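Residues in the sequence shown are numbered consecutively from 1, following full-length UniProt numbering.
No residue lacks a Cβ here, since even glycine has one placed at the ideal position from N, Cα and C.
Small disclaimer: the values here were computed from a predicted structure and weren't measured.
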Amino acid sequence: MTTTTAVTVDFDLEEARRAYTPKAELPEVESNFEYDRDRFLRHSSTRDINPDPVALASFLTSAYHSLEKGLAMEVPRAGFGVRKIPSILAAVRELEATGNASVATRGARGSVRSYVRFHDERGLAMPAHLEEELRAFAAESGDEPLPGGAVTLTREKIKEATDFDYDRFIKTRYSVRHFTGEGVTPSDVRTVVGQALKSPRVCNRESRRVYAAYEPELRNNLLSYHHGNSGFGHRLGAVLVIAVDIREFDMIGERNQPWIDGGLFAMSLVYGFHAAGLGTCVLNWSEDREHDQVLRNAFHIPDNEVVITLIGVGHLPEQFDVAASPAPAIDDVLSVISPR
(Lines of atoms letter the chains of each structure in order from A and count residues from 1; the text may use other names and numbers.)
(Lines give C-alpha, C1' and ligand atoms only; values in the text may rest on other atoms or scores of the structure.)
Protein backbone atom coordinates (compact mmCIF):
# COMPACT_ATOMS: atom_id res chain seq x y z
CA MET A 1 0.00 0.00 0.00
CA THR A 2 1.33 3.40 -1.01
CA THR A 3 1.05 6.21 1.46
CA THR A 4 1.57 9.90 0.92
CA THR A 5 2.76 12.50 3.35
CA ALA A 6 0.88 15.78 3.39
CA VAL A 7 2.92 18.91 2.83
CA THR A 8 3.02 20.59 6.21
CA VAL A 9 4.51 23.89 5.09
CA ASP A 10 2.49 26.66 3.54
CA PHE A 11 3.75 26.46 -0.03
CA ASP A 12 2.24 28.35 -2.97
CA LEU A 13 3.01 26.23 -6.06
CA GLU A 14 1.42 28.70 -8.45
CA GLU A 15 3.56 31.52 -7.11
CA ALA A 16 6.64 29.31 -7.38
CA ARG A 17 5.86 28.60 -11.01
CA ARG A 18 5.32 32.28 -11.66
CA ALA A 19 8.70 33.12 -10.14
CA TYR A 20 10.40 30.30 -12.08
CA THR A 21 9.14 31.59 -15.43
CA PRO A 22 8.16 35.24 -15.01
CA LYS A 23 5.03 36.15 -16.95
CA ALA A 24 4.95 38.89 -19.59
CA GLU A 25 2.28 41.53 -19.92
CA LEU A 26 0.54 41.82 -23.28
CA PRO A 27 2.51 44.90 -24.47
CA GLU A 28 5.78 43.03 -23.90
CA VAL A 29 4.46 39.98 -25.76
CA GLU A 30 3.38 42.14 -28.69
CA SER A 31 6.67 44.04 -28.85
CA ASN A 32 8.65 40.79 -28.99
CA PHE A 33 6.47 39.36 -31.75
CA GLU A 34 6.81 42.67 -33.62
CA TYR A 35 10.60 42.47 -33.24
CA ASP A 36 10.66 39.11 -35.03
CA ARG A 37 7.99 40.12 -37.54
CA ASP A 38 9.71 43.34 -38.53
CA ARG A 39 13.05 41.62 -39.09
CA PHE A 40 11.41 38.95 -41.25
CA LEU A 41 9.56 41.52 -43.35
CA ARG A 42 12.59 43.78 -43.60
CA HIS A 43 14.92 41.15 -45.05
CA SER A 44 12.79 38.44 -46.66
CA SER A 45 11.02 38.86 -50.00
CA THR A 46 7.60 38.36 -48.44
CA ARG A 47 6.14 41.81 -49.15
CA ASP A 48 8.49 42.92 -51.91
CA ILE A 49 11.54 41.56 -53.71
CA ASN A 50 14.76 41.94 -51.74
CA PRO A 51 17.31 43.15 -54.34
CA ASP A 52 20.24 41.66 -52.44
CA PRO A 53 22.25 39.10 -54.51
CA VAL A 54 21.85 36.60 -51.66
CA ALA A 55 18.06 36.77 -52.09
CA LEU A 56 18.40 36.28 -55.84
CA ALA A 57 20.73 33.30 -55.32
CA SER A 58 18.14 31.83 -52.94
CA PHE A 59 15.43 32.26 -55.56
CA LEU A 60 17.70 30.61 -58.12
CA THR A 61 18.44 27.68 -55.82
CA SER A 62 14.75 27.06 -55.21
CA ALA A 63 14.04 27.25 -58.95
CA TYR A 64 16.80 24.93 -60.14
CA HIS A 65 16.00 22.51 -57.32
CA SER A 66 12.74 21.92 -59.20
CA LEU A 67 14.83 20.49 -62.04
CA GLU A 68 16.79 18.35 -59.58
CA LYS A 69 13.58 16.94 -58.14
CA GLY A 70 12.33 16.15 -61.61
CA LEU A 71 15.59 14.39 -62.49
CA ALA A 72 15.26 12.30 -59.33
CA MET A 73 11.68 11.17 -59.93
CA GLU A 74 11.10 7.47 -60.55
CA VAL A 75 9.30 8.20 -63.83
CA PRO A 76 10.27 11.72 -64.96
CA ARG A 77 8.27 13.23 -67.79
CA ALA A 78 9.59 15.04 -70.85
CA GLY A 79 9.91 18.81 -70.57
CA PHE A 80 9.39 19.01 -66.81
CA GLY A 81 10.23 22.29 -65.10
CA VAL A 82 9.43 24.36 -68.19
CA ARG A 83 7.97 27.25 -66.18
CA LYS A 84 11.11 27.59 -64.06
CA ILE A 85 13.71 27.43 -66.85
CA PRO A 86 13.55 31.07 -68.08
CA SER A 87 13.97 32.33 -64.51
CA ILE A 88 16.90 29.97 -63.91
CA LEU A 89 18.77 31.12 -66.99
CA ALA A 90 18.10 34.80 -66.32
CA ALA A 91 19.10 34.59 -62.65
CA VAL A 92 22.39 32.84 -63.47
CA ARG A 93 23.19 35.49 -66.08
CA GLU A 94 22.47 38.35 -63.68
CA LEU A 95 24.43 36.91 -60.76
CA GLU A 96 27.45 36.11 -62.91
CA ALA A 97 27.36 39.51 -64.64
CA THR A 98 27.34 41.32 -61.29
CA GLY A 99 30.24 39.28 -59.85
CA ASN A 100 28.03 37.16 -57.62
CA ALA A 101 28.71 33.69 -58.99
CA SER A 102 28.43 31.07 -56.26
CA VAL A 103 27.45 27.50 -55.53
CA ALA A 104 23.92 28.55 -56.57
CA THR A 105 24.99 29.54 -60.09
CA ARG A 106 27.21 26.48 -60.42
CA GLY A 107 24.44 24.22 -59.16
CA ALA A 108 22.02 25.77 -61.64
CA ARG A 109 24.44 25.26 -64.51
CA GLY A 110 25.03 21.66 -63.46
CA SER A 111 21.29 21.03 -63.25
CA VAL A 112 20.59 22.51 -66.67
CA ARG A 113 23.37 20.45 -68.21
CA SER A 114 21.93 17.32 -66.56
CA TYR A 115 18.48 18.31 -67.80
CA VAL A 116 19.67 18.46 -71.40
CA ARG A 117 21.60 15.21 -71.08
CA PHE A 118 18.61 13.49 -69.48
CA HIS A 119 16.38 14.31 -72.45
CA ASP A 120 19.02 13.39 -75.02
CA GLU A 121 19.87 10.04 -73.44
CA ARG A 122 16.20 9.04 -73.38
CA GLY A 123 15.25 10.48 -76.74
CA LEU A 124 12.77 12.85 -75.11
CA ALA A 125 11.75 16.19 -76.54
CA MET A 126 12.64 19.33 -74.63
CA PRO A 127 10.33 22.36 -74.69
CA ALA A 128 10.68 23.51 -78.31
CA HIS A 129 10.71 27.24 -77.56
CA LEU A 130 13.56 26.83 -75.06
CA GLU A 131 15.63 24.05 -76.62
CA GLU A 132 18.11 26.23 -78.49
CA GLU A 133 18.79 28.43 -75.48
CA LEU A 134 19.03 25.44 -73.15
CA ARG A 135 21.58 23.70 -75.36
CA ALA A 136 23.67 26.86 -75.72
CA PHE A 137 23.57 27.46 -71.96
CA ALA A 138 24.54 23.86 -71.18
CA ALA A 139 27.41 23.96 -73.67
CA GLU A 140 28.99 27.04 -72.08
CA SER A 141 30.44 25.03 -69.18
CA GLY A 142 31.85 22.29 -71.44
CA ASP A 143 33.01 19.33 -69.39
CA GLU A 144 33.73 21.40 -66.28
CA PRO A 145 32.79 19.45 -63.12
CA LEU A 146 29.66 21.04 -61.71
CA PRO A 147 27.35 20.27 -58.76
CA GLY A 148 23.62 19.94 -59.21
CA GLY A 149 21.37 17.55 -61.08
CA ALA A 150 20.92 14.04 -59.71
CA VAL A 151 23.23 11.35 -58.35
CA THR A 152 22.65 7.60 -58.23
CA LEU A 153 22.56 5.67 -54.96
CA THR A 154 22.16 1.98 -54.33
CA ARG A 155 20.57 0.17 -51.44
CA GLU A 156 23.86 -1.66 -50.95
CA LYS A 157 25.80 1.61 -50.58
CA ILE A 158 23.37 2.81 -47.95
CA LYS A 159 23.53 -0.54 -46.16
CA GLU A 160 27.32 -0.34 -46.03
CA ALA A 161 27.27 3.25 -44.81
CA THR A 162 24.77 2.49 -42.04
CA ASP A 163 26.37 -0.72 -40.80
CA PHE A 164 26.69 0.36 -37.16
CA ASP A 165 24.65 0.30 -33.99
CA TYR A 166 22.59 3.47 -34.41
CA ASP A 167 20.51 2.76 -31.31
CA ARG A 168 23.67 2.66 -29.21
CA PHE A 169 24.98 5.80 -30.88
CA ILE A 170 21.79 7.73 -30.13
CA LYS A 171 21.53 6.50 -26.56
CA THR A 172 25.06 7.66 -25.69
CA ARG A 173 24.34 11.21 -26.87
CA TYR A 174 23.70 13.45 -23.87
CA SER A 175 24.07 17.11 -23.08
CA VAL A 176 27.45 17.23 -21.39
CA ARG A 177 28.60 19.59 -18.64
CA HIS A 178 31.99 18.02 -17.89
CA PHE A 179 34.89 19.02 -20.12
CA THR A 180 38.66 18.85 -19.93
CA GLY A 181 39.23 22.48 -20.90
CA GLU A 182 41.30 21.45 -23.93
CA GLY A 183 40.66 23.59 -26.99
CA VAL A 184 38.61 22.35 -29.94
CA THR A 185 40.41 23.16 -33.16
CA PRO A 186 38.95 25.04 -36.12
CA SER A 187 39.69 21.94 -38.18
CA ASP A 188 37.47 19.84 -35.89
CA VAL A 189 34.64 22.33 -36.25
CA ARG A 190 35.04 22.68 -40.02
CA THR A 191 34.76 18.92 -40.46
CA VAL A 192 31.53 18.69 -38.48
CA VAL A 193 30.01 21.79 -40.10
CA GLY A 194 30.74 20.26 -43.50
CA GLN A 195 28.92 17.10 -42.46
CA ALA A 196 25.98 19.01 -41.01
CA LEU A 197 25.44 20.83 -44.29
CA LYS A 198 23.74 17.62 -45.42
CA SER A 199 20.85 18.25 -43.03
CA PRO A 200 17.54 19.05 -44.75
CA ARG A 201 16.55 22.63 -45.54
CA VAL A 202 13.63 24.09 -47.43
CA CYS A 203 14.03 24.03 -51.24
CA ASN A 204 17.74 23.29 -50.80
CA ARG A 205 18.40 26.97 -49.99
CA GLU A 206 21.50 27.62 -47.90
CA SER A 207 20.44 29.92 -45.08
CA ARG A 208 22.46 28.40 -42.22
CA ARG A 209 25.34 30.33 -40.61
CA VAL A 210 27.84 29.41 -37.87
CA TYR A 211 29.95 31.82 -35.82
CA ALA A 212 32.73 30.12 -33.85
CA ALA A 213 34.69 31.30 -30.81
CA TYR A 214 37.90 29.36 -30.07
CA GLU A 215 40.15 31.58 -27.95
CA PRO A 216 39.35 31.38 -24.20
CA GLU A 217 38.90 35.13 -23.78
CA LEU A 218 36.52 35.34 -26.74
CA ARG A 219 34.63 32.20 -25.63
CA ASN A 220 34.13 33.56 -22.15
CA ASN A 221 33.04 36.93 -23.50
CA LEU A 222 30.44 35.26 -25.72
CA LEU A 223 29.22 33.03 -22.89
CA SER A 224 28.76 36.04 -20.62
CA TYR A 225 25.70 36.95 -22.73
CA HIS A 226 24.11 33.54 -22.13
CA HIS A 227 22.37 32.45 -18.93
CA GLY A 228 22.83 28.79 -18.13
CA ASN A 229 26.47 27.86 -18.66
CA SER A 230 27.82 28.65 -15.23
CA GLY A 231 29.90 25.90 -13.67
CA PHE A 232 31.09 24.42 -16.96
CA GLY A 233 31.22 27.09 -19.66
CA HIS A 234 34.80 28.04 -18.82
CA ARG A 235 35.86 24.44 -19.59
CA LEU A 236 34.45 24.37 -23.11
CA GLY A 237 36.80 24.08 -26.06
CA ALA A 238 34.71 26.13 -28.50
CA VAL A 239 31.39 27.94 -28.58
CA LEU A 240 29.25 28.20 -31.71
CA VAL A 241 26.44 30.61 -32.53
CA ILE A 242 23.95 29.11 -34.97
CA ALA A 243 22.03 31.64 -37.07
CA VAL A 244 19.85 31.67 -40.17
CA ASP A 245 19.78 34.29 -42.94
CA ILE A 246 16.24 35.62 -43.50
CA ARG A 247 17.11 36.90 -46.98
CA GLU A 248 16.70 33.29 -48.15
CA PHE A 249 12.93 33.27 -47.56
CA ASP A 250 10.21 34.73 -49.74
CA MET A 251 6.69 34.02 -48.51
CA ILE A 252 4.64 34.39 -45.36
CA GLY A 253 4.28 30.63 -44.98
CA GLU A 254 8.03 30.55 -44.26
CA ARG A 255 7.81 32.88 -41.29
CA ASN A 256 8.87 30.08 -38.91
CA GLN A 257 11.17 28.29 -41.35
CA PRO A 258 14.40 29.87 -40.03
CA TRP A 259 13.93 28.08 -36.71
CA ILE A 260 13.05 24.80 -38.44
CA ASP A 261 16.03 24.80 -40.79
CA GLY A 262 18.31 26.14 -38.07
CA GLY A 263 17.10 23.55 -35.56
CA LEU A 264 17.68 20.66 -37.96
CA PHE A 265 21.15 22.01 -38.68
CA ALA A 266 21.96 22.40 -34.97
CA MET A 267 20.92 18.80 -34.27
CA SER A 268 23.10 17.58 -37.13
CA LEU A 269 26.03 19.48 -35.61
CA VAL A 270 25.40 17.87 -32.23
CA TYR A 271 25.34 14.38 -33.75
CA GLY A 272 28.44 15.17 -35.79
CA PHE A 273 30.42 16.22 -32.73
CA HIS A 274 29.17 13.12 -30.91
CA ALA A 275 30.44 10.96 -33.78
CA ALA A 276 33.79 12.74 -33.51
CA GLY A 277 34.05 11.87 -29.80
CA LEU A 278 33.40 15.42 -28.60
CA GLY A 279 30.79 16.49 -26.07
CA THR A 280 28.20 19.20 -26.64
CA CYS A 281 25.68 21.21 -24.70
CA VAL A 282 22.99 23.10 -26.60
CA LEU A 283 22.70 26.53 -24.99
CA ASN A 284 19.24 27.78 -25.91
CA TRP A 285 18.75 31.34 -27.07
CA SER A 286 15.18 31.85 -25.87
CA GLU A 287 15.69 35.54 -25.18
CA ASP A 288 13.59 38.66 -25.41
CA ARG A 289 14.24 41.41 -27.92
CA GLU A 290 16.36 43.48 -25.54
CA HIS A 291 18.78 40.66 -24.75
CA ASP A 292 18.93 39.56 -28.38
CA GLN A 293 19.89 43.10 -29.35
CA VAL A 294 22.59 43.21 -26.68
CA LEU A 295 24.24 40.14 -28.23
CA ARG A 296 24.02 41.67 -31.71
CA ASN A 297 25.56 44.90 -30.50
CA ALA A 298 28.45 43.03 -28.89
CA PHE A 299 29.29 40.88 -31.93
CA HIS A 300 29.03 41.10 -35.70
CA ILE A 301 25.70 39.29 -36.17
CA PRO A 302 23.86 40.95 -39.08
CA ASP A 303 20.32 42.22 -38.70
CA ASN A 304 19.25 39.93 -41.57
CA GLU A 305 20.02 36.84 -39.46
CA VAL A 306 18.14 35.30 -36.53
CA VAL A 307 20.05 33.59 -33.75
CA ILE A 308 18.74 30.05 -33.32
CA THR A 309 20.91 28.69 -30.51
CA LEU A 310 24.42 28.47 -29.10
CA ILE A 311 26.32 25.18 -28.87
CA GLY A 312 29.16 24.53 -26.46
CA VAL A 313 31.70 21.94 -27.65
CA GLY A 314 34.49 20.32 -25.68
CA HIS A 315 36.71 17.33 -25.04
CA LEU A 316 35.36 14.67 -22.72
CA PRO A 317 37.03 13.44 -19.51
CA GLU A 318 37.45 9.70 -18.99
CA GLN A 319 34.33 9.48 -16.83
CA PHE A 320 31.56 11.94 -16.05
CA ASP A 321 27.92 12.24 -15.01
CA VAL A 322 25.06 13.45 -17.20
CA ALA A 323 21.40 14.18 -16.50
CA ALA A 324 19.37 10.99 -16.93
CA SER A 325 16.60 12.85 -18.77
CA PRO A 326 14.16 9.93 -19.11
CA ALA A 327 12.14 9.81 -22.32
CA PRO A 328 8.38 9.32 -22.45
CA ALA A 329 6.82 6.10 -23.70
CA ILE A 330 6.73 5.87 -27.50
CA ASP A 331 2.93 5.74 -27.46
CA ASP A 332 2.87 9.07 -25.63
CA VAL A 333 4.44 10.58 -28.75
CA LEU A 334 3.37 8.35 -31.65
CA SER A 335 -0.22 8.00 -32.84
CA VAL A 336 -2.07 7.41 -36.08
CA ILE A 337 -3.59 10.58 -37.52
CA SER A 338 -7.32 10.55 -38.04
CA PRO A 339 -9.75 12.85 -39.84
CA ARG A 340 -12.26 14.93 -37.90
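Tell me, to the nearest whole angstrom, how far the beta carbon of residue i is from that of residue j; I am working on the premise that it is less than 8 Å.
| i | j | result |
| --- | --- | --- |
| G314 | L236 | 5 Å |
| Q195 | G279 | About 17 Å; that fails the 8 Å criterion. |
| V306 | L295 | Actually they are not in contact, since the Cβ atoms of V306 and L295 sit about 12 Å apart, beyond 8 Å. |
| S31 | F249 | That belief does not hold up - the Cβ atoms of S31 and F249 are roughly 22 Å apart, past 8 Å. |
| I49 | Y64 | With 8 Å as the limit, I49 and Y64 do not qualify as a contact, their Cβ atoms being about 18 Å apart. |
| R37 | I246 | Contact doesn't hold; Cβ gap of about 11 Å is too wide. |
Applying the criterion that 16 or more other CB atoms from any shown protein chain within 10 Å of the CB defines a buried residue, is residue i buried or exposed?
| i | result |
| --- | --- |
| V270 | buried |
| V92 | buried |
| F33 | exposed |
| G277 | exposed |
| V82 | exposed |
| L67 | buried |
| F169 | exposed |
| E160 | exposed |
| A138 | buried |
| T309 | buried |
| N297 | exposed |
What would DSSP say about residue i, mapped onto helix, strand or coil?
| i | result |
| --- | --- |
| H315 | strand |
| A243 | strand |
| L223 | helix |
| N50 | coil |
| V282 | strand |
| V294 | helix |
| E248 | helix |
| I330 | helix |
| R208 | strand |
| E305 | strand |
| L124 | coil |
Using CA atoms only, rank isn't needed, just tell me which of the options is closest to residue i.
| i | options | result |
| --- | --- | --- |
| Y214 | P200, V189, N229 | V189 |
| I311 | P328, A138, H227 | H227 |
| G181 | I158, H119, G233, A136 | G233 |
| G70 | V176, E254, V112, F249 | V112 |
| P326 | Q293, V336, T172, S286 | T172 |
| R106 | I260, E140, P76, G231 | E140 |
| R220 | N204, Y211, V239 | The residue asked about is misnamed: residue 220 is Asn in this sequence, not Arg. N220 has its Cα closest to that of V239, out of N204, Y211, V239. |
| M251 | F59, A16, Y20, D10 | F59 |
| T164 | A275, R42, V244 | Before going on, a small fix: residue 164 reads as Phe here, not Thr. It is A275. |
| T61 | V29, C203, A90 | C203 |
| D288 | Y225, G231, V103, P328 | Y225 |
I'd like to confirm something about residue i: is its beta-carbon nearer than 8 Å to some heavy atom of the ligand MG, or not?
| i | result |
| --- | --- |
| E15 | For the structure depicted, the ligand MG is absent and the ligand set is empty, with no information on it obtainable. |
Worksheet entry | Any beta strand (DSSP E) of 3 or more consecutive residues that is wholly inside the stretch 60-108 | none
**OP:** Kindly provide the ranges of any alpha helix (DSSP H) runs that are 4 or more residues long and lie completely inside the stretch 135-199, ordered along the chain.
**Re:** 155-161, 166-171, 186-196
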